[in-house]
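Here is the structure we will look at.
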Amino acid sequence: MNLVLYSGGDEKENQDLDRAFIELLAKKNPVVTFIPSSSYLSEQEFKSFVRHYSKFKITRFIHFPIDVPFDNIIFNEVMRSDAIHLAGGNTFYFLNSLRKTKLLPQLKAFAQKGGLLTGLSAGAIMMTENIEMAGYPEFDRDENIVNIKNLAALNLVDFLFFPHFRNSSRYDVVFKKYTRTSNKIIYACPDGAGIVVRGNEIRFVGKCYAFSGGHKFIIN
Amino acid sequence: MNQIKKCHTDEVGKRSYTNFAHLNGEHPFKKLVPGGRVEYKARYRKGGKVAFFNFDLAKEMGLIAKTHPHTLTPDLEKEILETFSLTIINEYDVINKVKFPEEDIFPNTFMATRYLQLQHPDKMGRTSGDGRTIWNGTVRHNGTTWDVSSCGTGGTKLSPACNINKKFYQTGDPSISYGCGLSEVAEGLETLFFSEVLGKNGFKTERVLAILEFDKGIGINVRANPNLIRPSHFFGHLKQGNLETLKQVSDYYISRQSENKAWEQTSFKSDKEKYFYMANQVARALAETAAKFEDEYIFCWLDWDGDNILMDGGIIDYGSIRQFGLFHAEYRYDDVQRFSTTILEQRQKARYMVQCFVQIADFLSTKKKRSLSHFKNHPIMQSFDKHFVDCKNRNLLQKIGFKKNHVEHLLKNHISKVTKFRKVFSYFERAKSKRGAYKVPDGINRDALFCMRDILRELPQLYLARNTNLSCQEFTEIIKSSYARKSDLKLTNLRKKQINRFQSQYFSLIATLEKDLDLSKGQQLLELTMRASVINKYDRVTGDSITYIVQKVQKLRPKLACHELFELSQQFTVYQNLNPDQKVVAHQAPERHKNIMQNFHSIVRECREGL
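From first to last, the protein sequence lines are chains Z and V. Quick note on this note's numbering: the first sequence kicks off at 1 and runs consecutively. Quick note on this note's numbering: the second sequence kicks off at 221 and runs consecutively.
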């Protein structure tokens with residue numbers, strides 16, 4: 001499986017992750033699909049995405065909003081693309097749309113068959129077992145605007161991912177508390193940092209933090 | 221009620237709301253076109269609240285300072301109410317000697333203008349005009365003079381009810397609806413949401429400055445535009461052969477256009493040159509508007525009276541305005557006594573209006589009124605026809621997503637290719653359901669089958685990804701609308717030919733630019749993918765969606781403050797801005813607004829193919 005989990009940040013901050021993305025893509029003239037978390041103004045996000053990745057000589061992109069109906073023609077092309085990027089936004093809304101359109105198993109199959117799946121913030125959280133991290137901690141969370149109860153996501157990795165992490169005691173307290181009762185490990189990444197999964201290998205890019213068993217660890 | 225303004229301040233010590241003082245009933249039209257208006261005394265109307273205020277427009281008009289926060293301060297609210305909360309003292313009040321406290325009566329009169337309206341039995345414009353509207357006045361700011369008028373300020377003698385029933389009505393008389401002189405807050409909200417969206421998308425339109433609210437959903441809707449004169453303001457006097465007033469209206473209108481620098485030419489060697497220049501300007505504006513209405517599926521009920529439209533083709537009176545999701549070219553609104561025109565008939569109505577303006581120019585120059593048919597083949601009419609077709613071609617290339625310079629290149633050098641593509645595009649756009657015409661809640665319609673926005677949005681990215689044409693089945697799958705039945709979608713030989721033609725001609729435009737301008741096909745398709753995704757976005761507002769959104773807003777309104785309604789209208793406009801060149805910045809909206817906006821999105825999505 002090939003995955004890239006971006007936390008957030010600007011082009012400059014994400015240079016190393018982008019390099020990893022291009023290495024994993026390893027194809028001439030690839031097709032990259034952009035899936036926004038919501039169609040609201042997603043055309044603008046798509047534009048920025050295209051402008052950014054055009055710098056890596058990628059020229060073929062598909063814009064695929066999923067909270068508006070789509071036809072099988074475009075869907076089949078998406079599933080044939082070389083990489084799919086899950087964008088940031090409201091994680092609850094995004095998951096709800098993915099579930100409504102029955103895309104979760106399709107995306108999982110895409111990744112398991114070797115397609116490159118990347119995600120930023122909400123999109124990265126989506127690759128984990130569930131999106132609990134989107135509602136956590138209380139002082140820095142997405143609003144569950146769609147009131148979904150089933151938070152199960154793609155479950156492609158065996159850790160939880162927390163994007164936009166700020167290294168402060170406020171976060172430390174809540175994440176330590178969380179991992180004291182959970183057997184899950186949380187990888188918390190500040191903007192510009194992230195995780196690259198290549199087959200069974202996992203690589204951290206930038207300064208990342210891990211919370212496990214009530215303790216905090218610094219990675220890199 | 222004292223109209224001498226106290227100086228409320230919007231920035232302590234720096235600037236006051238003094239510009240509101242110009243909106244006191246005084247208007248140059250009153251003096252310059254005495255035969256074109258009726259004057260009314262007015263009284264302050266108590267119990268009003270400001271439901272909406274357009275802070276951005278007020279800044280553009282110089283009514284509030286640029287730095288004014290988007291908050292309705294007590295002083296600003298007072299100023300708005302003191303300026304706009306009024307009811308005219310009409311003929312009924314005078315005849316019945318209805319008494320009003322002296323201090324509530326405004327010192328100046330307010331005018332209602334005369335214009336032709338087809339629903340009046342007279343059909344000559346002698347009795348018709350503003351039936352429930354008065355003009356508040358003008359404000360000038362940054363080189364532009366703005367007209368401001370208010371709808372719902374009482375029944376005038378120019379209303380259809382007065383003339384059909386031959387009696388004067390008391391304002392608010394419950395025995396009649398439209399003629400009672402009042403307006404509803406919902407009408408103002410419809411105009412607000414629609415006009416802000418259309419305005420942002422390049423339509424000329426009236427705009428809502430404020431909505432005042434009274435008991436039982438009654439409101440006063442204040443609108444503004446740099447020139448609120450309509451063709452119908454001329455046509456009544458033309459029909460009557462009233463040269464003097466027709467000349468006054470024309471001179472008044474031309475002088476405002478010059479004052480606002482709306483026209484390139486501002487000085488003229490002769491009257492003849494001046495009036496024919498005006499006719500030419502109207503021809504260009506109405507050709508552009510008629511083409512844009514057709515291409516953006518705007519139903520405006522253009523008709524021979526020249527009502528419902530401003531002289532520059534701007535939209536006024538949103539009561540009958542609709543934007544269809546598909547090209548429902550046979551929809552007719554049922555107005556009880558008559559059916560409206562269809563979208564396709566609007567061109568002929570616009571053409572008729574232009575012909576009237578040629579007749580006006582000739583009448584004013586020669587002082588002889590020749591028959592309208594005499595001008596059927598006047599060069600201005602030919603210029604209207606040509607400009608209409610030019611605009612249709614330009615509109616289509618823009619809808620595909622081509623950049624401005626590429627559009628111009630294709631129009632200038634490869635018009636036959638553009639025309640060919642437009643022909644095949646129209647084949648699909650105008651395809652109609654086998655079901656035939658049927659009754660819809662407010663009229664009749666025959667469904668369109670295909671959603672052209674969908675194919676223009678998806679085609680470039682599918683080509684980009686696959687580098688092959690779509691099969692006929694795939695093409696149909698993408699373009700079909702929810703109105704299409706199985707029998708409508710049968711792949712006949714003709715349909716197959718047209719699908720192939722559509723794709724080959726689409727590609728031929730791209731290949732032409734590749735050859736002429738050295739732009740790679742991939743580069744172009746990527747650019748088209750990005751631009752078409754904005755221009756042809758899945759969710760585009762329709763008339764039905766605006767109606768439902770306004771119903772939603774009405775339910776929420778008791779808890780929506782004036783500034784919140786303003787913010788929502790702005791957010792909605794940003795979401796519906798289909799200009800691919802505009803840098804869109806999403807508003808940082810509070811959580812509550814996000815939920816409301818989600819609701820609006822669902823409504824727009826739900827109604828996207830409808831009327």
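Ideal Cβ placement from N, Cα and C applies to all residues, glycine included.
Comparing C-alpha distances from residue 171 of chain Z to each of Z:184, Z:182, Z:188 and Z:156 shows the shortest one belongs to Z:188. Where residue 331 of chain V is concerned, the enclosing beta strand (DSSP E) starts and stops at 330-333. The shortest CA-to-CA distance from residue 662 of chain V to any of V:450, V:334 and V:558 is the one to V:558.
Any Cβ of chain V closer than 8 Å to the Cβ of residue 60 of chain Z would place that residue at the interface, and such an atom is present. Spatial neighbours of residue 219 of chain Z in its own chain (CB-CB distance under 7 Å, excluding positions within 5 residues in sequence) are listed in chain order as 204, 208, 209 and 210. For residue 744 of chain V, the closest Cβ of chain Z is not nearer than 8 Å. For residue 33 of chain Z, the pairing in a beta bridge is given by DSSP as Z:62 and Z:84.
Not a single C-beta of chain V is nearer than 8 Å to the C-beta of residue 35 of chain Z.
Residues of chain Z whose Cβ lies closer than 8 Å to the Cβ of residue 814 of chain V are, in chain order, 143 and 145. Rounded to whole angstroms, the Cβ separation of residue 773 of chain V and residue 409 of chain V is 6 Å, and the two are in contact under 8 Å. Rounded to the nearest whole angstrom, the CA to CA distance from residue 655 of chain V to residue 700 of chain V is 15 Å. In the assembly as shown, residue 351 of chain V is a buried residue. Its beta-carbon has 16 or more other beta-carbons within 10 Å. Taking all protein chains in view, the Cβ of residue 181 of chain Z is surrounded by fewer than 16 other Cβ atoms within 10 Å, so the residue is classified as exposed. Nearest to residue 483 of chain V by alpha-carbon distance, out of V:809, V:504, V:256 and V:290, is V:504. In the three-state scheme derived from DSSP, where H, G and I count as helix and E and B as strand, residue 117 of chain Z is classed as strand. In the DSSP assignment, residue 782 of chain V falls within the unbroken alpha helix (DSSP H) covering 782-795. Separation of the CB atoms of residue 58 of chain Z and residue 678 of chain V is rounded to 20 Å, and the pair is thereby denied contact status at 8 Å. In the structure shown, residue 692 of chain V falls within a helical segment according to DSSP collapsed to helix, strand and coil.
In the displayed model, residue 353 of chain V falls within a strand according to three-state DSSP.
Among the residues facing chain V, residue 41 of chain Z is included, as its CB has a counterpart in that chain under 8 Å away. Under the three-state reduction of DSSP, residue 54 of chain Z is assigned to helix. Checking the DSSP bridge columns, you'll see residue 554 of chain V partnered with V:559. Counting of Cβ neighbours within 10 angstroms places residue 139 of chain Z among the exposed residues, the total staying below 16. About 6 Å separates the beta carbons of residue 290 of chain V and residue 786 of chain V, which is inside the 8 Å limit, making them a contact pair. In the DSSP assignment, residue 408 of chain V falls outside any beta strand (DSSP E) and within the unbroken alpha helix (DSSP H) covering 405-420. Per DSSP, the continuous alpha helix (DSSP H) segment holding residue 478 of chain V begins and ends at 463-479.
In this chain, the alpha helix (DSSP H) harbouring residue 635 of chain V covers 635-649. With contacts defined by Cβ atoms closer than 8 Å, residue 239 of chain V and residue 359 of chain V form a contacting pair. In this structure, residue 611 of chain V and residue 508 of chain V form a Cβ contact; the two beta carbons are roughly 5 Å apart against a cut-off of 8 Å. According to the DSSP secondary-structure assignment, residue 455 of chain V is paired through a beta bridge with no residue. For residue 81 of chain Z, the chain V residues whose Cβ falls inside 8 Å of its Cβ are 685, in order along the chain.
It is roughly 35 Å from the alpha-carbon of residue 48 of chain Z to the alpha-carbon of residue 281 of chain V. Note: residue 439 of chain V is bridge-paired with V:403 and V:433 in the DSSP secondary-structure output. Rounded to whole angstroms, the separation of the alpha carbons of residue 669 of chain V and residue 22 of chain Z is 43 Å.
Interface with chain Z (8 Å Cβ-Cβ cutoff): residue 469 of chain V is excluded. Runs of the alpha helix (DSSP H) spanning 4 or more residues and lying entirely within the segment 485-565 of chain V occur at 491-515, in chain order.
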